[in-house]
Each structure stands twice: as C-alpha cells, then as structure tokens.
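Contents: one structure, followed by commentary.
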Amino acid sequence: MPRPGLPKLIATDLDGTLVRTDETVSAYTHEVLDRVRAAGIPVVGATGRGPRLAELTRNDIRAADFLVMAGGGRVVDQTDPAGPVVLRDERLPGATLTELLRLLEAEVGPLTVMVEAMDAPGSPLWGDFDATWPYQDRFEARPRIDCLAGDVIKAFARTPDHDVDTLLETARRIVPAELASITQAGLGFIEICPPGVDKATGLAVVAQTLGVDPAEVLVFGDMPNDLPMFEWAGWARVAVSNAHPTVRRAADEVTLRNDDDGVAVYLDRLLSR
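Residue numbers for the sequence shown follow my numbering, beginning at 1466 and rising by one.
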C-alpha cells in the first residue's frame, strides 16, 4: 500500500496509460503533472517508444524531467538548460539478434521481424511488412540480412500462429537472459531489447542521478513491459483499469482507464489529500 505523504519521484508509462486511445493527452492531465512538478516531485516518462519518437514523447508528457525510452535502453535528462543529456544508450548487436532469432524460429516457425536501428527524428522501422503493424507510415520494408547488419535499439517479432503472450513465454524460455531482454507492450509483437534493459533499469539510472531510493518511487503502467518497474518501485504501483491482467495483479491500486485520465485523477487526489 502507498505510504503517507508524497513520493519523491513519479514515473508513468505513456501509451495505454497516460495517453488516451485517440492518441491525445488531456489538458487536465498536463495541468496535474505541472502541479506535481510544482510540488517538487520530478516526473519521468517511461515508454517503449524509441528515441526517434522523442519529439512526440516530449509533447505527450511536457512536464517530464527525464525520459526513459526504448523500454529502458535510452535515458535522457531534460533538466539541463543547455539541452537534453543522454544518460544511457544501450544497443543490441545484429549478430546477437541473428542468433536469438534462429533459436526462436527453430521453435515457433517463421517470424515477422522489424528492427529499430536509427534514432533520428521520424526514422522508420525496417524489416518484414506486417499488415497488423499500426504505424505503416514509419516503416520501410528491407531484407533481414540488411536489418541485422549493425546494432539495433530493439526489435519486434510476431507470428500469427502464437498469441503474443504465448510467444513471449516461449521466447523467454528459449532465449538466455544474457542474450536479450524480451517483453511485450500491447502491439501484438514481442519486443527484443539489449540484455539487462527494461524500464526498471532505466528508471534506476534516473533515481541514482537524483539520489532517490526505489522505495520512494510511484509508478503507473498498463502492459507487461511495465512489470519490471512495478517490481522495482516501492512507494506504490498503480495500474490503469484497462491494464493487462498481469499488471493489474502486480498493482497496489487500480485507477481509472487511460481514456478517463486515470493517472491524473490519482495524482490530483494524492496532491489534494
């Protein structure tokens, strides 16, 4: 259960948690987050979005002092007046990704694979065309051999023969943790990140920078890629009511849906009590 008083750091997932289904963030949510910062509590946006979507991310969580992006692989300090400072930048070697895909496809059959290789604003994903991918305007079809020729920020994979949670369970069983960290964020694809990369290890970089103990951190989320920071944070773990069942089970409390500004409602009450 949450402690009395206020946390010393607040981190929230974006898509499905802070951001509504129509891909907007309400004026009310922005106002509440501004009040959080005015109360002296740093705000962190913790997202699976890669650095190529930094501008969109900053617009969705304007109050953020720090961004934990790419599922924890990129951490950015936004408090420096001179401009954003990258505190963490992890990559997955193409050769490692080639090997783990070989292991996985030997078990589940052919996979649709896309990689996030570039961090320039608006850069596309590369890989296999998949009609289920929701962001076709930022995708470029390329042969796998080209996609795996260099380091990647992370990769996405799916097969129509396996539910995403089943594929995730299988991938975690087959792929050694020292090769990659694997999760899913609600897009129907598993996400393959560098080893040791998740939202908890990314958020830990922020906490260490600020001198904040995990026990003083409040987090919000909705999908399995939020579970590591739920396990790491100790002040409170709050799920939106539209969250994945595993996230609801891991939460101390459940707030309203993202479409009902659940994060802002919770924080508004917290600041007012």
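All C-beta atoms, glycine included, are put in the ideal place defined by N, C-alpha and C.
- Listed as beta-bridge partners of residue 1619 by DSSP are 1581.
- When C-beta atoms of the stretch 1547-1558 are compared with those of the stretch 1585-1599, fewer than three pairs fall below 8 angstroms, so the two segments do not count as touching.
- Of the other Cβ atoms in all chains shown, fewer than 16 fall within 10 Å of the Cβ of residue 1524; this residue is therefore exposed.
- Approximately 6 angstroms separates the beta-carbon atoms of residue 1681 and residue 1700; this is inside 8 angstroms, confirming the contact.
- Here residue 1727 is buried: its Cβ has 16 or more other Cβ atoms, across all protein chains shown, within 10 Å.
- Under the DSSP assignment, residue 1522 falls in the alpha helix (DSSP H) whose first and last residues are 1519-1525.
- When the five nearest sequence neighbours on each side are left out, the beta carbons in the same chain lying within less than 7 angstroms of the beta carbon of residue 1732 are those of 1497, 1501, in order along the chain.
- Each residue's CA atom was taken as its position, placing residue 1543 and residue 1671 some 11 angstroms apart.
- The beta carbon of residue 1572 sits closer than 7 angstroms to those of 1635, 1639, all from its chain and outside the five residues before and after it, given in chain order.
- Scanning its chain for C-beta atoms nearer than 6 angstroms, with the 5 sequence neighbours on each side dropped, one finds around residue 1690 the residues 1513, 1536, 1648, 1650, in chain order.
- Taken in chain order, the complete alpha helix (DSSP H) segments of 4 or more residues contained in the stretch 1612-1699 are 1629-1639, 1664-1675, 1692-1697.
- The straight-line gap separating the alpha-carbon atoms of residue 1577 and residue 1736 is approximately 45 angstroms.
- If you look at residue 1705, you'll find it in the beta strand (DSSP E) that goes 1701-1705.
- Classified as exposed, residue 1597 has fewer than 16 neighbouring CB atoms from the shown chains inside 10 Å of its CB.
- The C-alpha of residue 1551 lies about 18 angstroms from the C-alpha of residue 1528.
- Here residue 1488 is exposed, its C-beta having fewer than 16 other C-beta atoms within 10 Å.
- Residue 1568 counts as exposed, since fewer than 16 other C-beta atoms from the protein chains shown sit within 10 angstroms of its C-beta.
- Residue 1504 has its alpha-carbon roughly 41 angstroms from the corresponding atom of residue 1637.
- With respect to the 9 angstroms criterion, residue 1692 and residue 1705 are not classified as neighbours on the basis of their beta carbons.
- The stretch 1489-1543 contains, as complete beta strand (DSSP E) runs of 3+ residues, the segments 1508-1511, 1531-1534, 1539-1542 (chain order).
- When 1738, 1626, 1631, 1669 are compared, the shortest CA-CA separation from residue 1476 is found for 1669.
- Taking C-beta atoms as the reference points, residue 1483 and residue 1723 count as a pair closer than 9 angstroms.
- In the three-state scheme derived from DSSP, where H, G and I count as helix and E and B as strand, residue 1482 is classed as coil.
- With contacts defined as CB atoms closer than 9 angstroms, residue 1716 and residue 1708 qualify as a contacting pair.
- Residue 1575 and residue 1604 have their alpha carbons spaced roughly 20 angstroms apart.
- Distances from the CA of residue 1660 to each of 1511, 1486, 1561 were compared; the closest alpha carbon is that of 1561.
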